[in-house]
Amino acid sequence: MNQNFLDFMRDYEHQKLAVAVSGGVDSVCLLCWLARMGLDVVCLHVNHGLRKNAEVETQYVCDLCDKLGIPCKIFYWVGEKPATGLEAAAREARYKFMTDYCHKQGIQVLLTAHQADDQIETFLMNLGRGSGLYGLAAMRRVTYRDGVKIVRPLLYVPRTELKNYCDANGIKYFMDEMNEDPHYTRVRIRQNRHLLSEKLGITDARILLAVQNLGRVRDALDEDIGKKVLETVENNRAVFFDSFLFDQAPDIRLKLLGTLIQKIGGDEYQPRLNSLTSALDKLQRDCKFTLGHCTIRRLGQKILIVPEGAKTSFRTRHGKSKFEKSKKE
């Protein structure tokens, strides 16, 4: 087993864990490694009913879990499927099944099999989009979704190592035909990534090092922004002076506004970069608009963010907000 994986998982040895297993090589290898470590884990598998081999893969995951002595829970995504955005809808459904199950079973940690190649591909995709710091820092090893801790223990383990382990030990896995479809940007990157190393000397290890360095900067900014948001949001509303937002550097300004909207609006994700950029442009002058299930208003030097549908008065029941009280007007 990979030493980086083993060292990382030591912190989770005495916890009840869930692991998402699709039947692909990454998640199958993760499941087998967890079994070898003897961890207290339950396998979660979602059958989306989208591929002809879906039921075969589901049965294989059940059989593998039985062989490994790991309990397995199967979910079926039934009903009408959307005509567009099917991949995103399937992902949302998958996480909803799994996080709901974790809540019911009192499981706080859900493991997923995102690995180093996924991380590199995410970085390159975001680079192609012109993303800033947060996009280039790519996936975090630990995040939260619907109150469940999402942990990616393979994030610095290459796909070849996972495949080699399964092949060497006669462990069966399935290939997703979508992983070979050049219609998808991620697949085109996967098929041509070797050119970076062969032609330019930009190795996978160098890209991962850059991602790690960017991640440390992102984490430091997040800590500072988190403190600012905590100081500003009161009773699920925020009232502050324009200088609180516009005196920040551009990237921090965007992230600060996005974090405020996410916290008050309650969405899983922050608004997209172009939406936040447009919002900042509107906030240069008196305005009122909605974004991320929030109503945002500027009047004079003050800015207000409240849940959509709430009153947009700048006054609270107790007068000034705690942030305003700390400022000299």
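Residue numbers (UniProt numbering): 1 to 329.
C-beta atoms are modelled at their ideal positions from N, C-alpha and C, and glycine is treated no differently.
Presumed contact (8 Å Cβ cut-off) between residue i and residue j, rounded CB distance
| i | j | result |
| --- | --- | --- |
| K255 | Y101 | That pair is no contact at about 32 Å. |
| A18 | L68 | Not a contact, Cβ separation roughly 15 Å. |
| L208 | A116 | 6 Å |
| K172 | Y60 | 7 Å |
Pair within 8 Å by beta-carbon distance, residue i and residue j
| i | j | result |
| --- | --- | --- |
| A89 | D26 | no |
| A20 | L110 | yes |
| M125 | R186 | yes |
| V46 | I70 | no |
| K282 | F241 | no |
| I225 | I252 | yes |
| L257 | L273 | no |
| E57 | F174 | yes |
| R193 | I264 | no |
| V78 | G49 | yes |
| V148 | T99 | yes |
| D176 | G309 | no |
| Q15 | Q108 | yes |
Straight-line gap, residue i to residue j (C-alpha atoms, nearest Å)
| i | j | result |
| --- | --- | --- |
| K228 | Y184 | 39 Å |
| K328 | T232 | Below a pLDDT of 50, predicted positions are generally treated as unreliable, and K328, at 49, falls in that range; no measurement from the model is reported. |
| L6 | D40 | 15 Å |
| W33 | L299 | 57 Å |
| I74 | F314 | 50 Å |
| G106 | G201 | 47 Å |
| L31 | L230 | 38 Å |
| M1 | V239 | 52 Å |
| R190 | D167 | 21 Å |
| F123 | P182 | 18 Å |
| R145 | D118 | 19 Å |
| I150 | N169 | 28 Å |
| L214 | A137 | 5 Å |
| D247 | L276 | 16 Å |
Where the alpha helix (DSSP H) through residue i begins and ends
| i | result |
| --- | --- |
| L280 | 273-282 |
| I305 | Per DSSP, I305 belongs to no alpha helix (DSSP H); it is in the beta strand (DSSP E), 302-307. |
| V217 | 204-232 |
| F123 | 116-128 |
| L44 | It is not in any alpha helix (DSSP H) - L44 instead sits in the beta strand (DSSP E) that spans 41-47. |
| F8 | 3-9 |
| A83 | Where A83 is concerned, there is no enclosing alpha helix (DSSP H), given that its DSSP letter is neither H nor E. |
| L50 | Segment: none, L50 is in no alpha helix (DSSP H) and carries neither H nor E. |
| R188 | 185-192 |
| R253 | 250-265 |
| A238 | Not the alpha helix (DSSP H): A238 falls in the beta strand (DSSP E), residues 237-241. |
| R36 | 25-37 |
| K67 | 54-68 |
Beta-carbon contacts of residue i that lie in its chain and below 7 Å, excluding the five residues immediately before and after
| i | result |
| --- | --- |
| F8 | P153 |
| D267 | G292, H293 |
| I261 | Q270, P271, L291, G292, C294, I305 |
Opening and closing residue of the beta strand (DSSP E) in which residue i lies
| i | result |
| --- | --- |
| R145 | 142-145 |
| Y76 | 72-76 |
| A18 | 17-20 |
| V109 | 109-111 |
| F174 | No beta strand (DSSP E) contains F174, which DSSP labels as neither H nor E. |
| L154 | No beta strand (DSSP E) holds L154; DSSP gives it neither H nor E. |
| T295 | 294-299 |
| K288 | 287-291 |
Cut-off 8 Å between Cβ atoms - residues of its own chain near residue i, not counting five sequence neighbours on either side
| i | result |
| --- | --- |
| N4 | Y156, V157 |
Any non-hydrogen atom of the ligand HEM closer than 7 Å to residue i Cβ
| i | result |
| --- | --- |
| F5 | Absent from the structure shown: the ligand HEM. Ligands present: none. |
6 Å Cβ shell around residue i - same chain, five flanking residues per side excluded
| i | result |
| --- | --- |
| C29 | L162, Y165, C166 |
| L196 | I202 |
Residue-level contact to chain D via CB, residue i, 8 Å cutoff
| i | result |
| --- | --- |
| R94 | Absent from the structure is chain D; it holds one protein chain and no more. |
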